[in-house]
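First the structure, in the form of C-alpha coordinates, and then the observations on it.
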Amino acid sequence: MTFATAAGSHPGEDQHAFDTALGHVLDVLGDAPGLPYLPEVPGRGAGAAMTGRTLAWQTGLDADLQPAGWRLTGTSGAPGRDQRRARSLLLQDLDSLEERAQGYAGDLKLQLAGPWTLAATTERPRGDKLVADHAARRDLAQSLAEAAGELVAEARRRVPGVVRVVVQVDEPALTAVRDARIPTASGFGRHRSVDVPELSEGLGWVLGAVADAGGEPWVHACAPGTPWSLVHGAGARALVVDPAVLDATALEQVAEAYDAGAGLVLGVADPLAAEAPRDRDLADRARRWLDTLGLGPGDGFGVGTACGLAGTPVAAVPRHLSALRDAARRLDD
8 MTFATAAGSH PGEDQHAFDT ALGHVLDVLG DAPGLPYLPE VPGRGAGAAM
58 TGRTLAWQTG LDADLQPAGW RLTGTSGAPG RDQRRARSLL LQDLDSLEER
108 AQGYAGDLKL QLAGPWTLAA TTERPRGDKL VADHAARRDL AQSLAEAAGE
158 LVAEARRRVP GVVRVVVQVD EPALTAVRDA RIPTASGFGR HRSVDVPELS
208 EGLGWVLGAV ADAGGEPWVH ACAPGTPWSL VHGAGARALV VDPAVLDATA
258 LEQVAEAYDA GAGLVLGVAD PLAAEAPRDR DLADRARRWL DTLGLGPGDG
308 FGVGTACGLA GTPVAAVPRH LSALRDAARR LDD
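Its first residue numbered 8, the sequence shown is counted upward by one per residue in my numbering.
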(Lines of atoms letter the chains of each structure in order from A and count residues from 1; the text may use other names and numbers.)
(Lines give C-alpha, C1' and ligand atoms only; values in the text may rest on other atoms or scores of the structure.)
Protein backbone atom coordinates (compact mmCIF):
# COMPACT_ATOMS: atom_id res chain seq x y z
CA MET A 1 0.00 0.00 0.00
CA THR A 2 1.27 3.45 -0.95
CA PHE A 3 1.42 5.81 2.03
CA ALA A 4 1.55 9.58 2.51
CA THR A 5 3.69 11.63 4.88
CA ALA A 6 5.68 14.89 5.00
CA ALA A 7 9.22 15.95 5.83
CA GLY A 8 8.37 17.22 9.31
CA SER A 9 8.58 21.00 9.72
CA HIS A 10 5.51 23.26 9.99
CA PRO A 11 4.88 27.01 10.08
CA GLY A 12 4.32 29.05 13.24
CA GLU A 13 6.10 30.79 16.08
CA ASP A 14 4.58 29.54 19.34
CA GLN A 15 3.15 26.54 21.18
CA HIS A 16 -0.26 27.11 19.67
CA ALA A 17 1.35 26.64 16.25
CA PHE A 18 2.77 23.30 17.36
CA ASP A 19 -0.60 22.16 18.72
CA THR A 20 -2.22 23.19 15.44
CA ALA A 21 0.43 21.31 13.45
CA LEU A 22 0.02 18.19 15.54
CA GLY A 23 -3.74 18.36 15.05
CA HIS A 24 -3.34 18.65 11.28
CA VAL A 25 -0.97 15.68 11.15
CA LEU A 26 -3.08 13.37 13.29
CA ASP A 27 -6.41 14.41 11.74
CA VAL A 28 -5.27 13.98 8.12
CA LEU A 29 -2.59 11.29 8.32
CA GLY A 30 -3.74 9.40 11.42
CA ASP A 31 -5.52 6.75 9.35
CA ALA A 32 -4.26 4.67 6.44
CA PRO A 33 -2.67 5.47 4.07
CA GLY A 34 -1.13 8.20 6.22
CA LEU A 35 2.11 8.05 8.17
CA PRO A 36 1.80 10.65 10.97
CA TYR A 37 4.85 12.25 12.53
CA LEU A 38 5.91 14.53 15.38
CA PRO A 39 5.88 18.01 13.82
CA GLU A 40 8.75 20.47 14.14
CA VAL A 41 7.98 24.20 14.36
CA PRO A 42 11.35 25.91 13.88
CA GLY A 43 9.79 29.37 14.00
CA ARG A 44 9.63 29.01 17.80
CA GLY A 45 13.39 29.63 17.99
CA ALA A 46 16.78 27.96 17.66
CA GLY A 47 15.88 25.30 20.21
CA ALA A 48 12.98 24.15 18.04
CA ALA A 49 14.94 24.08 14.76
CA MET A 50 16.71 21.02 13.41
CA THR A 51 20.11 21.38 15.11
CA GLY A 52 18.83 22.60 18.47
CA ARG A 53 16.08 19.99 18.59
CA THR A 54 18.57 17.20 18.00
CA LEU A 55 21.07 18.54 20.53
CA ALA A 56 18.18 18.75 23.01
CA TRP A 57 17.80 14.99 22.90
CA GLN A 58 21.50 14.24 23.42
CA THR A 59 22.46 13.80 27.05
CA GLY A 60 26.12 12.90 26.48
CA LEU A 61 27.21 16.25 25.04
CA ASP A 62 26.61 19.68 26.58
CA ALA A 63 25.84 22.60 24.31
CA ASP A 64 24.81 26.21 24.44
CA LEU A 65 23.70 28.84 21.98
CA GLN A 66 26.27 31.42 20.87
CA PRO A 67 25.96 34.35 18.42
CA ALA A 68 27.34 32.09 15.66
CA GLY A 69 24.98 29.22 16.53
CA TRP A 70 25.11 26.10 18.66
CA ARG A 71 28.43 25.26 20.33
CA LEU A 72 29.45 22.21 22.33
CA THR A 73 30.65 23.08 25.83
CA GLY A 74 31.79 19.69 27.16
CA THR A 75 30.65 16.32 28.47
CA SER A 76 30.11 17.17 32.14
CA GLY A 77 26.39 16.49 32.11
CA ALA A 78 25.75 20.18 32.77
CA PRO A 79 23.97 21.46 29.64
CA GLY A 80 23.68 25.16 29.07
CA ARG A 81 20.51 27.14 29.60
CA ASP A 82 19.56 27.11 25.93
CA GLN A 83 20.02 23.34 25.63
CA ARG A 84 17.88 22.84 28.73
CA ARG A 85 15.18 25.05 27.22
CA ALA A 86 15.35 23.12 23.96
CA ARG A 87 14.95 19.82 25.80
CA SER A 88 12.06 21.18 27.83
CA LEU A 89 10.34 22.24 24.62
CA LEU A 90 10.87 18.84 23.03
CA LEU A 91 9.51 17.04 26.09
CA GLN A 92 6.51 19.36 26.06
CA ASP A 93 5.88 18.40 22.43
CA LEU A 94 6.12 14.73 23.33
CA ASP A 95 3.65 15.31 26.16
CA SER A 96 1.22 16.80 23.64
CA LEU A 97 1.73 13.84 21.31
CA GLU A 98 1.12 11.39 24.14
CA GLU A 99 -2.12 13.13 25.05
CA ARG A 100 -3.44 13.55 21.52
CA ALA A 101 -2.45 10.05 20.34
CA GLN A 102 -4.21 8.11 23.10
CA GLY A 103 -5.70 4.99 21.55
CA TYR A 104 -3.70 5.40 18.34
CA ALA A 105 -2.55 2.14 16.77
CA GLY A 106 -0.34 2.56 13.74
CA ASP A 107 3.04 3.81 12.57
CA LEU A 108 4.76 6.97 13.77
CA LYS A 109 7.68 9.00 12.38
CA LEU A 110 10.11 11.24 14.26
CA GLN A 111 12.97 13.30 12.86
CA LEU A 112 16.58 13.94 13.94
CA ALA A 113 19.46 15.76 12.27
CA GLY A 114 22.06 13.32 11.00
CA PRO A 115 25.63 13.21 12.33
CA TRP A 116 27.14 15.06 9.36
CA THR A 117 24.57 17.81 9.25
CA LEU A 118 24.97 18.19 13.01
CA ALA A 119 28.77 18.33 12.66
CA ALA A 120 28.43 20.99 9.95
CA THR A 121 26.08 23.20 12.00
CA THR A 122 27.59 22.89 15.49
CA GLU A 123 30.81 24.50 16.76
CA ARG A 124 33.60 22.96 18.82
CA PRO A 125 34.22 24.36 22.32
CA ARG A 126 37.15 26.39 21.00
CA GLY A 127 35.28 27.61 17.96
CA ASP A 128 34.77 26.73 14.29
CA LYS A 129 32.66 23.88 13.03
CA LEU A 130 32.90 20.52 14.67
CA VAL A 131 33.36 18.90 11.25
CA ALA A 132 36.97 20.10 11.36
CA ASP A 133 37.88 17.79 14.27
CA HIS A 134 38.12 14.03 13.63
CA ALA A 135 37.80 13.01 17.29
CA ALA A 136 34.91 15.42 17.87
CA ARG A 137 33.09 14.11 14.80
CA ARG A 138 33.40 10.58 16.14
CA ASP A 139 32.17 11.53 19.63
CA LEU A 140 29.22 13.40 18.17
CA ALA A 141 28.14 10.51 15.94
CA GLN A 142 28.38 8.01 18.79
CA SER A 143 26.44 10.26 21.16
CA LEU A 144 23.79 10.81 18.49
CA ALA A 145 23.51 7.07 17.95
CA GLU A 146 22.77 6.58 21.65
CA ALA A 147 20.19 9.37 21.57
CA ALA A 148 18.50 7.93 18.48
CA GLY A 149 18.03 4.57 20.19
CA GLU A 150 16.58 6.28 23.25
CA LEU A 151 14.16 8.24 21.06
CA VAL A 152 12.70 5.00 19.69
CA ALA A 153 12.14 3.72 23.23
CA GLU A 154 10.57 7.05 24.27
CA ALA A 155 8.15 6.96 21.33
CA ARG A 156 7.00 3.46 22.25
CA ARG A 157 6.57 4.49 25.89
CA ARG A 158 4.56 7.59 24.99
CA VAL A 159 2.38 5.92 22.35
CA PRO A 160 1.94 2.29 23.47
CA GLY A 161 -0.16 1.39 20.42
CA VAL A 162 2.52 2.35 17.92
CA VAL A 163 3.29 -0.47 15.50
CA ARG A 164 6.37 0.85 13.73
CA VAL A 165 8.61 3.71 14.89
CA VAL A 166 10.34 5.41 11.98
CA VAL A 167 13.27 7.72 12.70
CA GLN A 168 13.95 10.00 9.76
CA VAL A 169 17.58 11.11 9.86
CA ASP A 170 17.85 14.46 8.05
CA GLU A 171 21.16 14.90 6.21
CA PRO A 172 20.89 18.03 4.03
CA ALA A 173 24.60 18.83 4.59
CA LEU A 174 25.98 15.37 3.80
CA THR A 175 27.02 16.28 0.26
CA ALA A 176 28.60 19.57 1.35
CA VAL A 177 30.67 17.75 4.00
CA ARG A 178 31.84 15.21 1.43
CA ASP A 179 32.70 17.90 -1.13
CA ALA A 180 34.51 20.30 1.24
CA ARG A 181 31.86 23.02 0.94
CA ILE A 182 31.35 23.82 4.64
CA PRO A 183 32.73 27.35 5.25
CA THR A 184 35.21 28.07 8.01
CA ALA A 185 34.44 30.61 10.73
CA SER A 186 36.13 33.40 8.76
CA GLY A 187 34.04 32.65 5.70
CA PHE A 188 37.12 32.81 3.49
CA GLY A 189 37.94 29.10 3.50
CA ARG A 190 36.30 25.71 3.44
CA HIS A 191 36.77 22.78 5.78
CA ARG A 192 38.50 19.74 4.35
CA SER A 193 36.30 16.99 2.99
CA VAL A 194 35.51 13.92 5.07
CA ASP A 195 36.36 10.61 3.41
CA VAL A 196 33.51 8.37 2.25
CA PRO A 197 34.36 5.48 4.64
CA GLU A 198 34.12 7.83 7.64
CA LEU A 199 30.88 9.33 6.33
CA SER A 200 29.40 5.86 5.99
CA GLU A 201 30.65 4.74 9.42
CA GLY A 202 29.25 7.75 11.30
CA LEU A 203 25.89 7.58 9.59
CA GLY A 204 25.84 3.81 10.05
CA TRP A 205 26.24 4.13 13.83
CA VAL A 206 23.10 6.25 14.04
CA LEU A 207 21.02 4.15 11.65
CA GLY A 208 22.19 0.96 13.33
CA ALA A 209 21.22 2.25 16.77
CA VAL A 210 17.69 2.99 15.52
CA ALA A 211 17.41 -0.53 14.09
CA ASP A 212 18.86 -2.12 17.23
CA ALA A 213 16.22 -0.30 19.30
CA GLY A 214 13.47 -1.79 17.16
CA GLY A 215 12.92 1.27 14.97
CA GLU A 216 13.14 1.75 11.22
CA PRO A 217 15.89 4.15 10.09
CA TRP A 218 15.20 6.40 7.09
CA VAL A 219 17.38 9.12 5.58
CA HIS A 220 16.04 12.34 4.10
CA ALA A 221 18.14 14.70 2.00
CA CYS A 222 17.08 17.28 -0.58
CA ALA A 223 20.50 18.48 -1.74
CA PRO A 224 21.68 17.78 -5.29
CA GLY A 225 24.41 15.15 -5.47
CA THR A 226 23.41 13.23 -2.34
CA PRO A 227 25.31 9.89 -2.41
CA TRP A 228 22.31 7.59 -2.13
CA SER A 229 24.37 4.43 -2.54
CA LEU A 230 26.39 5.46 0.53
CA VAL A 231 23.19 6.20 2.45
CA HIS A 232 21.65 2.85 1.58
CA GLY A 233 24.88 1.03 2.31
CA ALA A 234 25.06 2.67 5.74
CA GLY A 235 21.79 1.04 6.72
CA ALA A 236 18.93 3.30 5.60
CA ARG A 237 15.76 1.24 5.27
CA ALA A 238 14.12 3.95 3.17
CA LEU A 239 15.26 6.95 1.13
CA VAL A 240 13.27 10.19 1.32
CA VAL A 241 14.13 12.17 -1.80
CA ASP A 242 13.25 15.29 -3.74
CA PRO A 243 13.03 13.88 -7.27
CA ALA A 244 13.49 17.33 -8.80
CA VAL A 245 17.18 17.41 -7.74
CA LEU A 246 18.09 13.86 -8.80
CA ASP A 247 20.69 13.73 -11.56
CA ALA A 248 21.35 10.61 -13.66
CA THR A 249 23.74 9.15 -11.09
CA ALA A 250 21.35 9.72 -8.19
CA LEU A 251 18.44 8.29 -10.17
CA GLU A 252 20.40 5.11 -10.77
CA GLN A 253 21.43 4.84 -7.11
CA VAL A 254 17.86 5.37 -5.86
CA ALA A 255 16.50 2.81 -8.33
CA GLU A 256 19.12 0.25 -7.27
CA ALA A 257 18.31 0.76 -3.59
CA TYR A 258 14.57 0.38 -4.22
CA ASP A 259 15.16 -2.76 -6.29
CA ALA A 260 17.23 -4.11 -3.39
CA GLY A 261 14.31 -3.71 -0.99
CA ALA A 262 14.75 -0.20 0.42
CA GLY A 263 11.64 1.92 0.87
CA LEU A 264 11.24 5.10 -1.15
CA VAL A 265 9.38 8.34 -0.43
CA LEU A 266 9.13 10.72 -3.39
CA GLY A 267 8.74 14.38 -2.45
CA VAL A 268 6.21 15.21 -5.14
CA ALA A 269 4.53 18.11 -3.31
CA ASP A 270 6.26 21.51 -3.37
CA PRO A 271 5.43 23.22 -0.05
CA LEU A 272 6.36 26.62 -1.48
CA ALA A 273 4.04 26.44 -4.47
CA ALA A 274 1.65 29.36 -4.84
CA GLU A 275 -1.37 27.05 -4.71
CA ALA A 276 -1.99 23.88 -2.74
CA PRO A 277 -1.55 20.80 -4.93
CA ARG A 278 -4.30 18.62 -6.33
CA ASP A 279 -4.14 14.94 -5.51
CA ARG A 280 -4.52 13.96 -9.17
CA ASP A 281 -1.51 16.08 -10.12
CA LEU A 282 0.59 14.60 -7.31
CA ALA A 283 -0.32 11.05 -8.31
CA ASP A 284 0.53 11.79 -11.95
CA ARG A 285 3.84 13.32 -10.89
CA ALA A 286 4.69 10.25 -8.82
CA ARG A 287 3.88 7.94 -11.71
CA ARG A 288 6.09 9.95 -14.09
CA TRP A 289 9.02 9.74 -11.68
CA LEU A 290 8.50 6.04 -11.14
CA ASP A 291 8.51 5.59 -14.92
CA THR A 292 11.77 7.55 -15.08
CA LEU A 293 13.24 5.25 -12.46
CA GLY A 294 11.86 2.20 -14.25
CA LEU A 295 9.89 1.26 -11.14
CA GLY A 296 6.32 0.92 -9.96
CA PRO A 297 4.46 1.48 -6.67
CA GLY A 298 4.91 -1.33 -4.18
CA ASP A 299 5.50 -2.10 -0.54
CA GLY A 300 7.53 0.63 1.09
CA PHE A 301 6.61 3.32 -1.44
CA GLY A 302 5.27 6.67 -0.29
CA VAL A 303 4.62 10.21 -1.42
CA GLY A 304 5.56 13.28 0.59
CA THR A 305 6.75 16.86 0.47
CA ALA A 306 9.95 17.86 -1.30
CA CYS A 307 11.03 19.68 1.87
CA GLY A 308 9.44 20.92 5.09
CA LEU A 309 6.20 22.88 5.35
CA ALA A 310 7.70 25.66 7.49
CA GLY A 311 7.31 28.19 4.67
CA THR A 312 3.73 27.18 3.86
CA PRO A 313 0.78 29.30 5.05
CA VAL A 314 -0.86 27.59 8.03
CA ALA A 315 -4.23 27.44 6.31
CA ALA A 316 -2.72 25.59 3.35
CA VAL A 317 -1.04 22.84 5.41
CA PRO A 318 -4.13 20.58 5.73
CA ARG A 319 -4.71 20.90 1.97
CA HIS A 320 -1.14 19.74 1.27
CA LEU A 321 -1.47 16.78 3.61
CA SER A 322 -4.92 15.85 2.30
CA ALA A 323 -3.72 16.01 -1.30
CA LEU A 324 -0.83 13.68 -0.48
CA ARG A 325 -3.14 11.23 1.32
CA ASP A 326 -5.58 11.18 -1.59
CA ALA A 327 -2.73 10.87 -4.10
CA ALA A 328 -1.51 7.78 -2.25
CA ARG A 329 -4.99 6.28 -2.60
CA ARG A 330 -5.04 7.08 -6.32
CA LEU A 331 -1.72 5.33 -6.83
CA ASP A 332 -3.20 2.15 -5.38
CA ASP A 333 -6.37 2.25 -7.52
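We put the CB at the ideal spot given by N, CA and C, even for glycine. None of these values were measured; they are calculated from a predicted model.
- If only complete runs of 3 or more residues are kept, the region 32-113 shows the beta strand (DSSP E) at 69-73 and 76-81, in order along the chain.
- Contact annotation: residue 233 and residue 278 have beta-carbon atoms that are not nearer than 8 Å.
- With respect to the 8 Å criterion, residue 334 and residue 286 are classified as neighbours on the basis of their beta carbons.
- Membership of residue 135 in any beta strand (DSSP E) is not indicated, and neither H nor E is assigned to it by DSSP.
- Within a 10 Å sphere around the beta-carbon of residue 221 sit fewer than 16 other beta-carbons, which makes this residue exposed.
- With 16 or more other CB atoms across the displayed protein chains lying within 10 angstroms of its CB, residue 178 is buried.
- Ranked by how close their Cα comes to the Cα of residue 198, the residues 169, 204 and 188 have 188 in first place.
- Your pair residue 47 and residue 19 does not check out as a contact, with CB atoms roughly 10 Å apart and the cut at 8 Å.
- Around the Cβ of residue 203, a 10 Å sphere holds fewer than 16 other Cβ atoms; the residue is exposed.
- Assigned with DSSP and collapsed to three states, residue 337 falls in helix.
- Taking a C-beta distance under 8 Å as the contact criterion, residue 162 and residue 115 qualify as a contact pair.
- Taking each of 168, 85 and 147 in turn and checking the Cα distance to residue 210, the smallest one comes out for 147.
- Looking at the DSSP output, residue 177 shares a beta bridge with 120 and 227.
- In the DSSP assignment, residue 248 falls outside any alpha helix (DSSP H) and lies within the beta strand (DSSP E) extending over 245-248.
- With 16 or more other Cβ atoms inside 10 Å of its own Cβ, residue 284 counts as buried.
- Straight across, the Cα-Cα distance linking residue 129 with residue 78 is about 5 Å.
- With contacts defined as CB atoms closer than 8 Å, residue 113 and residue 172 fail to qualify as a contacting pair.
- Taken through DSSP and simplified to helix, strand or coil, residue 27 comes out as helix.
- Counted as a single uninterrupted DSSP element, the stretch harbouring residue 305 is not any beta strand (DSSP E), since DSSP gives it neither H nor E.
- Taking a C-beta distance under 8 Å as the contact criterion, residue 242 and residue 224 qualify as a contact pair.
- For residue 11, DSSP records a beta bridge to 41 and 310.
- For residue 280, the closest alpha carbon among the candidates 310, 37, 290 and 315 is that of 315.
- In this structure, residue 272 sits away from residue 301, with a CB-CB distance that is not shorter than 8 Å.
- In the three-state reduction of the DSSP assignment, residue 242 falls in the coil class, being assigned neither a helical nor a strand state.
- For residue 154, no beta strand (DSSP E) run applies; the uninterrupted alpha helix (DSSP H) run containing it begins and ends at 141-165, by DSSP.
- Taking 8 Å as the cut-off, the beta carbon of residue 253 is found no closer than this to the beta carbon of residue 31.
- Exclusion of the five residues before and after residue 152 leaves 212, 213 and 216 as the residues of its chain whose Cβ lies within less than 6 Å of its Cβ.
- Here residue 108 has 33 and 166 as same chain residues with Cβ atoms under 7 Å from its own Cβ, once five neighbours each way along the sequence are excluded.
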